[in-house]
Amino acid sequence: MCGIVGYLGHNEAAPILVEALKRLEYRGYDSAGIATIHDGHLGRRRAVGKLVNLSDKLVHEPLAGKSGIGHTRWATHGAPTETNAHPHRAGDVAVVHNGIIENFRELREELSAAGLTCETDTDTETVALLTRHYLDQGLPPVEAAYATLDRLEGAFALAFLFDGEADLLVAARKGSPLAIGHGEGEMYVGSDAIALSPLTNRITYLDEGDRAVITRTSVEIRDSDGRLANRPVKTVDLGSMTADKSGYKHYMAKEIAEQPAVIQTAISAYVPDRGDRITMPEGLPDFTGIERLTMVACGTAYYACLTAKYWFEQIARLPVEVDIASEFRYREPPVSPRTAALFVSQSGETADTLAALRYMRDKADSILSVVNVPESSIARESDVALPIHAGVEIGVASTKAFSCQLTVLFLLALKAAHDRGALSDEALADHLSSLRALPGQIQDALTLSDALHDISVDLAEARDVLFLGRGLMYPLALEGALKLKEISYIHAEAYASGELKHGPIALIDPAVPVVVMAPCDSLYDKTVSNMQEVMARGGRVVLITDAAGEKQSGAEVWHSLALPTVPEALTPMLYAIPAQLLAYHTAVTKGTDVDQPRNLAKSVTVE
Ligand code: F6R
Numbered sequence: 007m008c009g010i011v012g013y014l015g016h017n018e019a020a021p022i023l024v025e026a027l028k029r030l031e032y033r034g035y036d037s038a039g040i041a042t043i044h045d046g047h048l049g050r051r052r053a054v055g056k057l058v059n060l061s062d063k064l065v066h067e068p069l070a071g072k073s074g075i076g077h078t079r080w081a082t083h084g085a086p087t088e089t090n091a092h093p094h095r096a097g098d099v100a101v102v103h104n105g106i107i108e109n110f111r112e113l114r115e116e117l118s119a120a121g122l123t124c125e126t127d128t129d130t131e132t133v134a135l136l137t138r139h140y141l142d143q144g145l146p147p148v149e150a151a152y153a154t155l156d157r158l159e160g161a162f163a164l165a166f167l168f169d170g171e172a173d174l175l176v177a178a179r180k181g182s183p184l185a186i187g188h189g190e191g192e193m194y195v196g197s198d199a200i201a202l203s204p205l206t207n208r209i210t211y212l213d214e215g216d217r218a219v220i221t222r223t224s225v226e227i228r229d230s231d232g233r234l235a236n237r238p239v240k241t242v243d244l245g246s247m248t249a250d251k252s253g254y255k256h257y258m259a260k261e262i263a264e265q266p267a268v269i270q271t272a273i274s275a276y277v278p279d280r281g282d283r284i285t286m287p288e289g290l291p292d293f294t295g296i297e298r299l300t301m302v303a304c305g306t307a308y309y310a311c312l313t314a315k316y317w318f319e320q321i322a323r324l325p326v327e328v329d330i331a332s333e334f335r336y337r338e339p340p341v342s343p344r345t346a347a348l349f350v351s352q353s354g355e356t357a358d359t360l361a362a363l364r365y366m367r368d369k370a371d372s373i374l375s376v377v378n379v380p381e382s383s384i385a386r387e388s389d390v391a392l393p394i395h396a397g398v399e400i401g402v403a404s405t406k407a408f409s410c411q412l413t414v415l416f417l418l419a420l421k422a423a424h425d426r427g428a429l430s431d432e433a434l435a436d437h438l439s440s441l442r443a444l445p446g447q448i449q450d451a452l453t454l455s456d457a458l459h460d461i462s463v464d465l466a467e468a469r470d471v472l473f474l475g476r477g478l479m480y481p482l483a484l485e486g487a488l489k490l491k492e493i494s495y496i497h498a499e500a501y502a503s504g505e506l507k508h509g510p511i512a513l514i515d516p517a518v519p520v521v522v523m524a525p526c527d528s529l530y531d532k533t534v535s536n537m538q539e540v541m542a543r544g545g546r547v548v549l550i551t552d553a554a555g556e557k558q559s560g561a562e563v564w565h566s567l568a569l570p571t572v573p574e575a576l577t578p579m580l581y582a583i584p585a586q587l588l589a590y591h592t593a594v595t596k597g598t599d600v601d602q603p604r605n606l607a608k609s610v611t612v613e
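In the working numbering, the protein residues as written are 7 to 613.
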C-alpha cells in the first residue's frame, strides 16, 4: 500500500527521496510524488504510474532542496490521477499519508464552511486543509499539525512539511507503521526500515499514537497522551533488509528458490542443535488447559491457517476455528472460555488482522502471532510472537513466507500435541526428523521448474482454471488458485475434491484445465475418483502427485508431475512449490508484472 519517506539533511533531497520510494515499490502503488523546501519555499512534483515517470518529470522540472517528503500512492479514495497523488498541499503545508481518514467527509464539510474547499477526491487533502486552517488561525507549524492529528479518525502514518521551515518534519503514527532513521546531521522517515536500509541502520520505530518532531539533529517523540516518550534507537541488520534479485529475473523467482534455506532457518530457530524437542519463546499458553484455538488471517496467511487446522486437530486433538480477518472482526463472535487466539501475517500490519487481534485482546486466554516482521504491530500487540524467519519478502505474491508460516505452525501444532499428551516423545522425534529432511526434498522439487514451465505454456491459454485437493491439499488448492489469479490474471477457483459433484462439475469442459493436487496419501484413491469424473466429462487434468501416485493414477492425464515422497503431514510445504512455480511461469509466459501485479499491495494497511 502507500509508502512514505522523508529526509532532512545536507544533501539534495529529491534523489534520496526517489531512491527510498523505489525501495517501497514492492508495497504496490499507482502514482508517486515528492515535495521539498528550497530557499524556504515548498515545491512539489507528482506523476501517475511507475516511479520512472516521476524521475522523468524531475529531469525536466528539477526540484532542489535539502529537506522533503515523498509518497507512493495506492488509490483508495479517488482515481490514480496526478491531482489525487501525494504530497497534498494546502497553503504552507504539504502532507503525505498512508491509511484512511474515516471522518474526512465531516471534516471536508466543516472546512468548506470555513471557506477551504477540496480540489481532490482524496481523504488526505482534508489533513492538509485542516492544518492550513490551524496555521491560518496563527498556530505555529507543530501545534497546527498536532491540532490536526487530534481531529483525525481512522488509520494513518503521516508526515508534514512546512513552507519556511527547512529544518522541520512532523511525523505521526496511528494504525500504520512509521520508522525514523538516524544519520549524521541527517534524519529520515520511512514506512518501513527497508526504505531507509542503505541510508542508516539506526532506526526508531514509532509506537501506536506517537507523534514526532524531527530536525536534522534531533527527534522529540510524544505518546498519544502528549507525554515525552523515550523510544529506543535500534541497530537493524541491514543484510537482512537489503533485498536484491541476486541474478533472478523476478523477486518472486528468487523467493521461491530461497525456500529450502529459509525453511531450514525456521526449523533451526525452534529445534536447536538437531534435537528432539521444540523450543518456543516464553509465554506460550499451557496447551493442556486450552480447549479451542481460533486462527485469524487474510489471503495466503489464511490458507496457512486452514492447513494448520488439520495439524492441530489431527495431531494435537485441539478443536480449531479458522476465520478470514475481515469477516471475523465485524461478526463479533462469542469467545468460549479457554480459547487461545492465533494471528498469522507476513507483514504483521494487515489492518483487518490487527483489528481482529484487538477484538480478541480481552477475550482470549492468550494472543499468539506468527509473523515475518518482528517489529510489526501484530507482533508487538501479541502476548507471544513467533517469527517465521523468511527474510524480507518483496514479491507481492507471498511464497517463502507461506512455506515458513506452515513450518512454524506445524512446529507449534507438534508442541501443542506433545504438551497435551497426544504425541509421544518418539512420535515427536519422528516428525522432527522428517521435517529436517524437508529442505532437501524441497530443493529436489525446485528442479521440476522446467517441467512446470512446459505445463504453464498450455495453462497460459486458459481463461479459467480449477484446482482440486482433499484434506491437507484443499488449502493448497486454494493457495494455488490464488497465486495463479493474482499474478497471471487468469480466473482460477479451488474446490475440495469431494465438493465437485455438488455443483462445480458443471464447469468442466476441455477449455477449463483442472489442476489436481494429490500425493499418494490416505485420501489419494478418493481424489483419483474425482479426477476420473473430470476426465469422463472431457476435462483436461494436470496431476501433481508423487511417484506412487503417478503410477497408480491409471489414467491418461493431460500433464502429470511427480514430486519427492514425503510423510503426509509435510505435503503442504512441498506441494506449495509446484503451486507457486505454475503461477510464476504462467505469468511470465503471459508477460504480466510478476512482482507488482495490477491493483495489489504487499502490505494491506487499510480495510
Ligand atoms: C497473496 C498474498 C496476500 C497476503 C494477505 C495477508 O499472495 O500475499 O493474500 O497473504 O494480504 O497479508 P499478511 O500476511 O501480510 O497479513
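Backbone N, C-alpha and C fix where the C-beta goes; we use that ideal spot for every residue, glycine too.
Span of the alpha helix (DSSP H), counted from its first residue to its last, around residue i
i: L417; result: 406-425
i: H591; result: 577-596
i: H83; result: Careful: H83 lies outside any alpha helix (DSSP H) and carries neither H nor E.
i: T618; result: Residue 618 lies beyond the range of the chain shown here (7 to 613); nothing can be said about it.
i: L441; result: 431-452
i: G305; result: 305-320
i: N536; result: 530-542
i: E327; result: Element bounds for E327: not the alpha helix (DSSP H) but the beta strand (DSSP E), 326-330.
i: T271; result: 265-276
i: G9; result: G9 -> not in any alpha helix (DSSP H); beta strand (DSSP E) instead, spanning 9-14.
i: I384; result: 383-386
Proximity winner among the options, relative to residue i (alpha-carbon distances)
i: D470; options: T592, A151, L452, N605; result: T592
i: T128; options: W80, D142, R208, D169; result: W80
i: S375; options: G397, V341, H459, G289; result: G289
i: L360; options: L392, L234, P343, A303; result: A303
i: I496; options: H139, M479, R228, L465; result: L465
i: P146; options: A134, L135, F168; result: F168
i: M286; options: I273, T595, K255, A150; result: I273
i: G295; options: D436, V195, G427; result: G427
i: T345; options: A370, F416, L363, E327; result: A370
i: P238; options: E214, A119, I209, K251; result: I209
i: T577; options: I220, G504, L478; result: L478
i: D53; options: V65, H66, A38; result: Before going on, a small fix: residue 53 reads as Ala here, not Asp. Minimum Cα distance to A53 is reached at A38.
i: D368; options: A347, S383, E381; result: A347
i: Y32; options: A542, H256, H424, D515; result: H256
i: D173; options: G74, I186, A119; result: G74
i: S182; options: N59, F318, Y211, H139; result: Y211
Beta-carbon gap between residue i and residue j smaller than 8 Å
i: A163; j: A357; result: no
i: L588; j: L482; result: no
i: I284; j: Y276; result: yes
i: L472; j: V534; result: no
i: R50; j: I43; result: no
i: S197; j: L184; result: yes
i: A201; j: G9; result: yes
i: M579; j: L429; result: no
i: L488; j: G253; result: no
i: Y581; j: I550; result: yes
i: G401; j: E226; result: no
i: L113; j: R157; result: yes
i: V572; j: Q447; result: yes
i: K72; j: E25; result: no
i: T595; j: S462; result: yes
i: E485; j: A403; result: no
i: G191; j: R222; result: yes
Unbroken beta strand (DSSP E) run spanning residue i, endpoints
i: H92; result: From DSSP, H92 is part of no beta strand (DSSP E); its letter is neither H nor E.
i: R280; result: Segment: none, R280 is in no beta strand (DSSP E) and carries neither H nor E.
i: L348; result: 345-351
i: L60; result: That residue, L60, is in no beta strand (DSSP E); its alpha helix (DSSP H) goes 57-66.
i: S372; result: 372-377
i: A53; result: 47-54
i: S73; result: 73-79
Cβ-heavy atom distance, residue i to ligand 2, below 7 Å
i: L488; result: Of the ligands one can find in the structure shown, namely ligand 1, none is ligand 2.
#### Entry: Any beta strand (DSSP E) of 3 or more consecutive residues that is wholly inside the stretch 457-525
Residue ranges of uninterrupted beta strand (DSSP E) with 3 or more members, entirely inside the stretch 457-525 and ordered along the chain, are 470-475, 497-502, 520-523.
### Task
Write down every uninterrupted run of the beta strand (DSSP E) in the stretch 190-247 whose length is 3 residues or greater and which is fully enclosed by it, in chain order.
Along the stretch 190-247, the beta strand (DSSP E) occurs as fully enclosed runs of 3 or more residues at 193-196, 208-211, 217-220, 225-228, listed in sequence order.
#### Entry: Complete alpha helix (DSSP H) runs within the stretch 115-194 (minimum length 4 residues, chain order)
You should have 130-142, 147-157.
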